[in-house]
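Peer 1: Residue numbers (our numbering): 7 to 220. Glycine included, each C-beta is placed from N, C-alpha and C at the ideal position. Just so you know, these numbers come straight off a predicted model, no measurement behind them. Structure below; questions to follow.
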């Protein structure tokens, strides 16, 4: 697949997730963005699950495709290639695990007895968070070492700090009336980094493809 199309997936994935979450809340009576988690929209027995799961799954597929776009972009440079490949691979792994948590291992319905699949959802969500921190750091450092954009490392470090703070706030408020709000803030921090990275890669490829005049 064309690398540009793969990179465009990085723009579409966050937008699709936000759209699906808003749609799911709008068609589910009594659902609150402030108090309900996003995973509740596709938990077993959730209303409109058959509509929402394919959309959430597509979001995950777009993430995986963007991961391969990052990998192809990294392979175009020799400097610190191993670090860049590891970062891109971590992003792909995150996308695959996200797909699993939204399809095969959904969150248990709130207040229902815990199940094997629901417990795995919690475990995989934790692993996804670790991958998120890992690929953000690795790709940010890779941008600095290659000289492509030293400022992107600083931006990535700030993003990681924001993710850790937001995730900690969510965990501290798990089960509270603002649980959904804190989860959304943590997710948005990661989404904005993915979106900005896709924009940066697209701009980089655009200008690098313009022949220089001599």
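On the three-state DSSP scale, how would you describe residue 40?
Peer 2: Correct three-state label for residue 40: coil.
Peer 1: Taking residue 180 as the reference, give the member of 80, 64, 146, 43 with the closest Cα.
Peer 2: Cα-wise, what sits closest to residue 180 is 43.
Peer 1: For residue 68, count neighbouring Cβ atoms within 10 angstroms of its own Cβ and tell me buried if that reaches 16, exposed if not.
Peer 2: Buried, because 16 or more other Cβ atoms sit within 10 Å of the Cβ of residue 68.
Peer 1: Should residue 11 go down as buried or exposed, given a rule of 16 or more other Cβ atoms within 10 Å for buried?
Peer 2: By the 10 Å Cβ count, residue 11 comes out exposed.
Peer 1: Give me the Cβ distance between residue 71 and residue 26, rounded to the nearest whole Å; I'm assuming they're in contact under 8 Å.
Peer 2: 17 Å between Cβ atoms; not a contact.
Peer 1: In terms of alpha-carbon separation, which member of 197, 204, 187 lies closest to residue 40?
Peer 2: Of the listed residues, the one whose Cα sits closest to residue 40 is 187.
Peer 1: Which residue marks the beginning of the alpha helix (DSSP H) containing residue 47, and which one marks its end?
Peer 2: Per DSSP, residue 47 belongs to no alpha helix (DSSP H) and is neither H nor E.
Peer 1: Measure the C-alpha to C-alpha separation of residue 65 and residue 101 and round it to an integer number of angstroms.
Peer 2: So the two alpha carbons sit approximately 9 Å from each other.
Peer 1: Based on Cα-Cα distance, which residue from 36, 32, 63, 75 lies nearest to residue 204?
Peer 2: Ranking the options by Cα distance to residue 204, first place goes to 75.
Peer 1: What is the residue span of the alpha helix (DSSP H) that residue 175 lies within?
Peer 2: Looking at the DSSP string, the run of the alpha helix (DSSP H) that includes residue 175 is 156-178.
Peer 1: So for residue 63, helix, strand or coil by DSSP?
Peer 2: Residue 63 falls in the helix class under three-state DSSP.
Peer 1: Whose C-beta lies closer than 8 Å to the C-beta of residue 175 among residues of the same chain, with five residues either side of it excluded?
Peer 2: These residues qualify, in order along the chain: 188, 191, 192.
Peer 1: Given a cut-off of 9 Å, decide if residue 91 and residue 106 are closer than it, judged by their beta-carbon atoms.
Peer 2: Against a cut-off of 9 Å, the Cβ pair of residue 91 and residue 106 comes out as no contact.
Peer 1: Could you tell me which of 116, 199, 131 sits nearest to residue 162, measuring between CA atoms?
Peer 2: Nearest of 116, 199, 131 to residue 162, Cα basis: 199.
Peer 1: Just to confirm before moving on: does the CB-CB distance between residue 143 and residue 93 stay below 9 Å?
Peer 2: Their beta carbons are under 9 Å apart, which means residue 143 touches residue 93 by this criterion.
Peer 1: What residue range does the alpha helix (DSSP H) around residue 131 cover?
Peer 2: Here the alpha helix (DSSP H) through residue 131 covers 122-152.
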